[in-house]
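Sequential numbering of the sequence shown, starting at 1328, is according to this note's numbering. Note sheet for the following structure.
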Amino acid sequence: MTAASIPFSDAKYAHRVLVVDDYPDSAEATCMLFTRLGHCCRQATSGARALDEADAFHPDVVLLDIGLPDLSGYEVARALRQLHGREIYLAALTGWGQPEDRARAIGAGFDQHILKPATASILREVIRAAERSREENGLPPLQDREG
C-alpha cells in the first residue's frame, strides 16, 4: 500500500503526534502515515530530544520506541507522565513483544504496546484509543488546532 492510497482518518479531530524512534527513516515513515491520516506529526530520534519536542509541540499522542540511544523509552514515558499526566496518550512502538515487555511498558506509564512495523490501520486504532482515553480520564475533548 502506498502513502497515496491510504484513506484519510475517521478521527474526530486532527491530533498532534510525536513519533520517537532512533531510526530516522522509521520515524519519518510513521510520521508520513499519520500526516496522510490527517494529523500533524513531528519526530525525534533520542529520548532527550523527545522530551524537548514534547515541551515545544504539546502532542496529544506519543509513539515511543523503547530502545533509544540515550534514555530508554521507559524513562521517557515516566518523565512524560510526571510532566503531563494523562494529557498525553503514550504508545510503545517497539520490536520487543514478549509478555514481560508489554507488562514493563504498562508499568512505565504507557497506555498501549504495539509492535513494529505499524500499519495505517494500527495507527488509526492508536488515535481512536487516545480519544477514548481522554473521555475515560475525564479530560476535555480535543479540538482542531494548527500544528
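A virtual CB, placed ideally from N, CA and C, is assigned to each residue, including glycine.
Query - Buried versus exposed call for E1458 [16 or more other C-beta atoms within 10 Å across all chains shown] - result: In the sequence shown, counting from the first residue as 1, residue 1458 sits at position 131. For E1458, the number of other beta carbons within 10 angstroms of its own is at least 16, and it is reported as buried.
Query raised in the report: According to DSSP, which residues form a beta bridge with I1441?
Result: On the sequence shown, position 114 is the one that residue 1441 refers to. In DSSP, I1441 forms a bridge with L1420.
Requested in this report: Would you mind giving the Cβ-Cβ distance between V1388 and A1381, rounded to the nearest angstrom? I have them listed as a contact below 8 Å.
Outcome: Working through the sequence shown from its first residue, we reach residue 1388 at position 61. Working through the sequence shown from its first residue, we reach residue 1381 at position 54. Distance from V1388 to A1381 at the Cβ level is roughly 11 Å; contact not present, criterion being Cβ atoms closer than 8 Å.
Requested in this report: Would you give the residue range spanned by the beta strand (DSSP E) that Q1370 belongs to?
Outcome: For this step, residue 1370 is matched to residue 43 along the sequence shown. C1367 to A1371 is the span of the beta strand (DSSP E), which, as asked, contains Q1370.
Query raised in the report: L1345 to E1463, Cα distance in whole Å?
Result: Numbered from its first residue, the sequence shown carries residue 1345 at position 18. Numbered from its first residue, the sequence shown carries residue 1463 at position 136. Between L1345 and E1463, the C-alpha separation is close to 22 Å.
**Report entry** For R1363, the residue or residues it bridges with in DSSP
**Finding:** By one-based count along the sequence shown, residue 1363 stands at place 36. Answer is none; R1363 lacks a bridge partner.
Query raised in the report: Below 8 Å between beta carbons: does that hold for L1420 and A1404?
Result: For the purposes of this step, residue 1420 is identified with residue 93 of the sequence shown, where counting begins at 1. For the purposes of this step, residue 1404 is identified with residue 77 of the sequence shown, where counting begins at 1. The answer is no: Cβ separation not under 8 Å.
**Report entry** Close-in-space but distant-in-sequence residues of the same chain around R1429 (CB under 7 Å, 5 per side omitted)
**Finding:** The residue given as residue 1429 occupies position 102 in the sequence shown. Same-chain partners within the cutoff: H1440.
Query raised in the report: With C-beta atoms as the reference, is A1377 less than 8 Å away from A1371?
Result: Working through the sequence shown from its first residue, we reach residue 1377 at position 50. Working through the sequence shown from its first residue, we reach residue 1371 at position 44. With contacts defined by Cβ atoms closer than 8 Å, A1377 and A1371 form a contacting pair.
Query raised in the report: Along the chain, where does the alpha helix (DSSP H) that runs through R1413 open and close?
Result: Along the sequence shown, read from residue 1 onward, the residue named residue 1413 stands at position 86. For R1413, no alpha helix (DSSP H) run applies, since DSSP gives it neither H nor E.
Query raised in the report: Given that a residue counts as buried once 16 or more other Cβ atoms are within 10 Å of its Cβ, and exposed if not, what is L1360?
Result: Locating residue 1360 in the sequence shown gives position 33, counting from the first residue. The residue is buried, with at least 16 neighbouring Cβ atoms inside 10 Å.
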